[in-house]
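Q: Protein chains in written order, with numbering that gives the first Met the number 0: chain A, 0 to 306; chain B, 0 to 306.
Protein chains: 2
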Amino acid sequence: MDSSSPIIYVVEPYGGSIRRHNSALPLIYWDDAAVTRGDGVFETLLIRDGHPANLQRHLDRFRASARLLELPEPNGEDWIAATREAVTEWSQRSEEDAKCVWTYTRGRETTGHPSAWLTLTPVADSVLKQRKKGVKVMTSPRGFSIDTSLPGVDEATEGGDPKPAPWLTVGAKTLNYAANMAALRYARSRGFDDVIYVDPGTGRVLEGATSTVITVRSGGKLRTPVPGGDILPGTTQAALFEYAEEEGWRCKAKDMTVERLLDAESVWLVSSVRVAVRVTEIDGVPLPAPDNEDEVRDLINSALGAE
Amino acid sequence: MDSSSPIIYVVEPYGGSIRRHNSALPLIYWDDAAVTRGDGVFETLLIRDGHPANLQRHLDRFRASARLLELPEPNGEDWIAATREAVTEWSQRSEEDAKCVWTYTRGRETTGHPSAWLTLTPVADSVLKQRKKGVKVMTSPRGFSIDTSLPGVDEATEGGDPKPAPWLTVGAKTLNYAANMAALRYARSRGFDDVIYVDPGTGRVLEGATSTVITVRSGGKLRTPVPGGDILPGTTQAALFEYAEEEGWRCKAKDMTVERLLDAESVWLVSSVRVAVRVTEIDGVPLPAPDNEDEVRDLINSALGAE
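(1) Cutting at 8 Å between CB atoms, please list the residues of its own chain near L26(B), excluding the five before and the five after it.
(2) Relative to the C-alpha of D229(B), which candidate in E244(B), V204(B), V100(B), E246(B) has its C-alpha closest?
(3) Which residue or residues does DSSP assign as beta-bridge partners of A115(A)?
(4) Answer yes or no: does any C-beta atom of chain B fall closer than 8 Å to that of P25(A)?
(5) Cutting at 7 Å between CB atoms, please list the residues of its own chain near G207(A), excluding the five before and the five after it.
(6) Is there contact here, the segment 219-233 of chain B with the segment 246-259 of chain B, by at least three beta-carbon pairs under 8 Å?
(7) Under 8 Å between C-beta atoms, does L149(B) make it to chain A?
(8) If you measure from the beta carbon of T168(A) to each beta carbon in chain B, is any gap under 8 Å?
(9) In whole angstroms, what separates the C-alpha of L68(B) from that of G39(B)?
(10) Tell me which residues of the segment 237-270 of chain A have at least one Cβ-Cβ distance to chain B shorter than 7 Å, keeping chain order.
(11) For the beta strand (DSSP E) containing Y196(B), name the first residue and the last one.
(12) Kindly give me the distance between the Cβ atoms of T211(A) and T235(A), rounded to whole angstroms, as I take these residues to be in contact under 8 Å.
(13) Would the segment 52-63 of chain A count as touching the segment 279-297 of chain A if we require 3 or more Cβ pairs under 8 Å?
(14) What are the boundary residues of the beta strand (DSSP E) that G228(A) is part of?
(15) Return the Cβ separation of I46(B) and L119(B) in integer angstroms, given the expectation that the two are a contact with Cβ distance under 8 Å.
(16) Could you tell me the distance, in whole angstroms, from the CA atom of K220(A) to the CA atom of I213(A)?
(17) Compute the Euclidean distance between the alpha carbons of P287(A) and M180(A), then round it to the nearest angstrom.
(18) Is it true that the CB of K98(A) sits closer than 8 Å to the CB of V134(A)?
(19) In chain B, what lies closer than 7 Å to T173(A) by C-beta?
(20) Shortest alpha-carbon distance to S307(A) belongs to which of E72(A), W29(A), A65(A), R92(A)?
(21) Please report the residue range of the alpha helix (DSSP H) in which L303(B) lies.
(22) Check each candidate in Y242(A), V215(A), G200(A), R105(A) and name the one with the smallest Cα separation from Y176(B).
(23) Where do the ends of the beta strand (DSSP E) carrying L44(A) lie?
(24) Could you give the distance in angstroms between the alpha-carbon of W78(A) and the alpha-carbon of R60(A)?
(25) Quick check on E72(B) - is its C-beta less than 8 Å from some C-beta in chain A?
(26) Identify whether D59(A) lies in helix, strand or coil by the three-state DSSP scheme.
(27) Find the residues of chain A that neighbour D38(B), judging by a C-beta separation of less than 8 Å, and give them in chain order.
(28) Against chain A, which members of the segment 8-34 of chain B pass a CB distance test of less than 8 Å?
(29) Less than 8 Å between CB atoms is the rule here; does F61(B) satisfy it with respect to chain A?
(30) For Y28(A) and S114(B), I'd like the C-alpha separation in whole angstroms.
(31) Run through DSSP, which three-state label would E154(A) get?
(32) Please determine, among D293(A), L298(A), G304(A), the residue with the shortest C-alpha to C-alpha distance to K131(A).
(33) Determine the burial state of G170(A): buried for a count of at least 16 other Cβ atoms within 10 Å of its Cβ, exposed for fewer.
(34) Can you check whether the CB of V295(B) is closer than 8 Å to the CB of V215(B)?
(35) Name the residues in the segment 125-143 of chain B whose C-beta lies less than 9 Å from a C-beta of chain A; which are they?
(36) Less than 8 Å between the CB atoms is what I'm expecting for L70(B) and S271(B), so what's the real figure, rounded?
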């Protein structure tokens, strides 16, 4: 195995062994629900300075995703142990950031047991470049709406607030990402780097294709669209807001329109591995660099190192 | 390899070799887009009497799905050749029906080449039982709506009819089936066998979780909801309507409400492997067996054998 190959650990789902898997060999069987149905959940973590960043929030969301899909509760200790083993191996190779992906699937149809593994790879050059240069985005409707007030759903969820249908597993980070990938391909074919989804009915900004939207406003304010519903709560945004509050910033989740992006001091897409990329253009309108660009970037990086 | 193990053939994507894969070994690599994103397409075919049923329609839909996902055009001859090899092997084992699944994914991130394979397995006992006993269904909203008149989409699709966002790849049979599977689990937990999706706004019947809805009405009429939009065109329904027309039935795609299901002579869910299961109950309301139950079942089976 050469020293640049991905580091893979298989995690036995019921608290069994953790084992190193050779990345040159196939890993997944023909009847795994991840392959046949996209039926599983994942988390992507940044590995920095010998540690998984923002670990507890990723673990919490991983557990919540599994619960929404009615998968057995993942054994947190095993995932942490496997991650630390992979990180130790990585640290012997490189001091650079790395990307760690946890995957947990409904598993093989013929065995009925879940499948679970993690991979650790270098951060892609394209990501490193975007961290420096920022991204040009197009805004776009997502193309579908999640219904929250349906005749069947109220009964199904036993009343309470308007809720989406339980089988949509809204809020879970599932492997069903083909539409997001297609939206990114579409954006790139038109000369953009990324997409920000906007609700066509209300004009409300939702999220990036694989990131959370943050605005910096004058007076030391940070804003993000209210998570929940069809906006996946972001682990990086949560870490940032907690840390920034302590540093004297005023942070609030608040719905916003595209106009509120255009008149902000700066707009950022935050996510685990890309961390923070500044939006330099929205639908062709340039967003000039703010005076505090480096300060904001340092703040986000510090938030991830703060735990 | 024991004689009951699945038959797997790997199909090289650019018209290369077809090779037998041992099902006891893993098949798919850690970085395949099928696993990481559910990014691929599939078709499920019935193998009966030594032949793949309804082959041309499956091939056509497979090609259309690949095109919608911007995957390289699948080589039809290779898929047919691989299917015939697998079927020959199956025929030496058994005269029973079998299930053949074609899978074609965006492939490995590290190579950029698509992955493609087929599997051939016995038909599950639960499916054989449903063919005989029928299914109890619950109706339910799908839980989301696909927007067809969006500000961005009209420009994106260069005008014309209202269309869904291109990145939703509506009409493609993709591996993103987790929501359908969750809906089926939900239905089963409440004592039902299957789900028929209904549009909550209009009351329009859409489709089953993995099947097309057909009604038989008096006077030798067959009806199905108009396919397209968020109803995947069914290959079994298409074969049935073509054959039944020749046999003197009057067949029409026509939107219908749940009331039109309840006052039909009989209601059927048709799909490739289950072929035709009669709906025996809708939301707790029994649908008694019609006098011509066997005739309708024979008609559908004959339609699949007619090509």
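For every residue, glycine included, the Cβ atom is placed at its ideal position computed from N, Cα and C.
These numbers were taken from a predicted model, which means no experiment stands behind them.
A: The relevant details are as follows:
(1) On the second sequence, position 27 is the one that residue 26(B) refers to. Excluding residues within five positions, the ones whose Cβ falls inside 8 Å are I7, V9, H20, W116.
(2) Within the second sequence, the letter at position 230 stands for residue 229(B). Residue V204(B) is the option with its Cα nearest to D229(B).
(3) Residue 115(A) sits at position 116 when you count from the first residue of the first sequence. Beta-bridge partners assigned by DSSP to A115(A): Y103(A).
(4) Within the first sequence, residue 25(A) is the residue found at index 26, counting from 1. Put simply, the CB of P25(A) is near chain B, with a gap under 8 Å to one of its CB atoms.
(5) The residue given as residue 207(A) occupies position 208 in the first sequence. Cβ neighbours of G207(A) beyond the five flanking positions: D193, V194, I195, L268.
(6) The answer is yes - the segment 246-259 of chain B touches the segment 219-233 of chain B, with three or more Cβ pairs under 8 Å.
(7) Position 150 of the second sequence, counted from the first residue, corresponds to residue 149(B). Any reading at L149(B) is ruled out, since the residue's pLDDT is 44, under 50, leaving its predicted position unreliable.
(8) Taking the first residue of the first sequence as 1, we reach residue 168(A) at position 169. Output row for T168(A): interface = yes.
(9) The sequence position of residue 68(B) within the second sequence is 69, counting from 1. The sequence position of residue 39(B) within the second sequence is 40, counting from 1. Taking the straight line joining both Cα atoms gives about 8 Å.
(10) Answer set for the segment 237-270 of chain A: empty.
(11) One-based indexing of the second sequence puts residue 196(B) at position 197. Run containing Y196(B): 193-197, per the beta strand (DSSP E) assignment.
(12) Along the first sequence, read from residue 1 onward, the residue named residue 211(A) stands at position 212. Along the first sequence, read from residue 1 onward, the residue named residue 235(A) stands at position 236. Between T235(A) and T211(A) the Cβ distance is about 7 Å, and since that is below 8 Å, they are a contact.
(13) Between the segment 52-63 of chain A and the segment 279-297 of chain A there are fewer than three C-beta pairs closer than 8 Å, too few to call the two in contact.
(14) Within the first sequence, the letter at position 229 stands for residue 228(A). Going by DSSP, G228(A) is part of no beta strand (DSSP E) at all; its letter is neither H nor E.
(15) Locating residue 46(B) in the second sequence gives position 47, where the first residue counts as 1. Locating residue 119(B) in the second sequence gives position 120, where the first residue counts as 1. Going by Cβ atoms, the distance from I46(B) to L119(B) rounds to 7 Å, so yes, they are a contact pair.
(16) Within the first sequence, residue 220(A) is the residue found at index 221, counting from 1. Within the first sequence, residue 213(A) is the residue found at index 214, counting from 1. K220(A) and I213(A) have their C-alpha atoms roughly 10 Å apart.
(17) In the first sequence, counting from the first residue as 1, residue 287(A) sits at position 288. In the first sequence, counting from the first residue as 1, residue 180(A) sits at position 181. Approximately 28 Å, taken between the alpha carbons.
(18) In the first sequence, residue 134(A) corresponds to position 135, counting from 1. In the first sequence, residue 98(A) corresponds to position 99, counting from 1. For the 8 Å CB-CB criterion, V134(A) and K98(A) do not form a contact.
(19) Counting from 1 along the first sequence, the entry for residue 173(A) is found at position 174. Close partners of T173(A) in chain B (Cβ separation under 7 Å): A177.
(20) Nothing about residue 307(A) can be read from this structure; chain A reaches only from 0 to 306.
(21) Reading the second sequence from its first residue, position 304 is the one you call residue 303(B). If you look at L303(B), you'll find it in the alpha helix (DSSP H) that goes 292-304.
(22) The count along the second sequence starts at 1 and reaches residue 176(B) at position 177. Each of Y242(A), V215(A), G200(A), R105(A) was checked against the Cα of Y176(B), and the nearest Cα belongs to R105(A).
(23) The sequence position of residue 44(A) within the first sequence is 45, counting from 1. Segment 39-47, the beta strand (DSSP E) holding L44(A).
(24) For the purposes of this step, residue 78(A) is taken as the residue at position 79 of the first sequence. For the purposes of this step, residue 60(A) is taken as the residue at position 61 of the first sequence. Distance between the alpha carbons of W78(A) and R60(A) is about 13 Å.
(25) Against the second sequence, residue 72(B) aligns to sequence position 73. Cβ-Cβ to chain A under 8 Å: no for E72(B).
(26) Counting from one through the first sequence, the residue named residue 59(A) turns up at place 60. Three-state result, D59(A): helix.
(27) Numbered from 1 along the second sequence, position 39 holds the residue referred to as residue 38(B). Simply Y176, A177, M180.
(28) Of all residues in the segment 8-34 of chain B, only H20, S22, L24, P25, L26, I27, Y28, W29, D30, D31, A32, A33, V34 come within less than 8 Å of chain A when Cβ atoms are compared, listed by chain position.
(29) Within the second sequence, residue 61(B) is the residue found at index 62, counting from 1. No, its Cβ sits nowhere closer than 8 Å to a Cβ of chain A.
(30) The residue given as residue 28(A) occupies position 29 in the first sequence. The residue given as residue 114(B) occupies position 115 in the second sequence. So the alpha carbons of these two residues sit roughly 14 Å apart.
(31) If you number the first sequence from 1, residue 154(A) lands on position 155. Low local confidence applies: a pLDDT of 46 at E154(A) is under 50, so the model's placement there is unreliable, and no value is given.
(32) In the first sequence, counting from the first residue as 1, residue 131(A) sits at position 132. Out of D293(A), L298(A), G304(A), the CA that lies nearest to the CA of K131(A) is found in D293(A).
(33) The residue given as residue 170(A) occupies position 171 in the first sequence. Result: buried.
(34) Residue mapping note: residue 215(B) aligns to position 216 of the second sequence, counting from 1. Residue mapping note: residue 295(B) aligns to position 296 of the second sequence, counting from 1. Between V215(B) and V295(B), the C-beta spacing is below 8 Å.
(35) The segment 125-143 of chain B vs chain A, Cβ under 9 Å: M137, T138, S139, P140, R141, G142, F143.
(36) Reading the second sequence from its first residue, position 71 is the one you call residue 70(B). Reading the second sequence from its first residue, position 272 is the one you call residue 271(B). Contact flag wrong, Cβ pair sits at about 21 Å.
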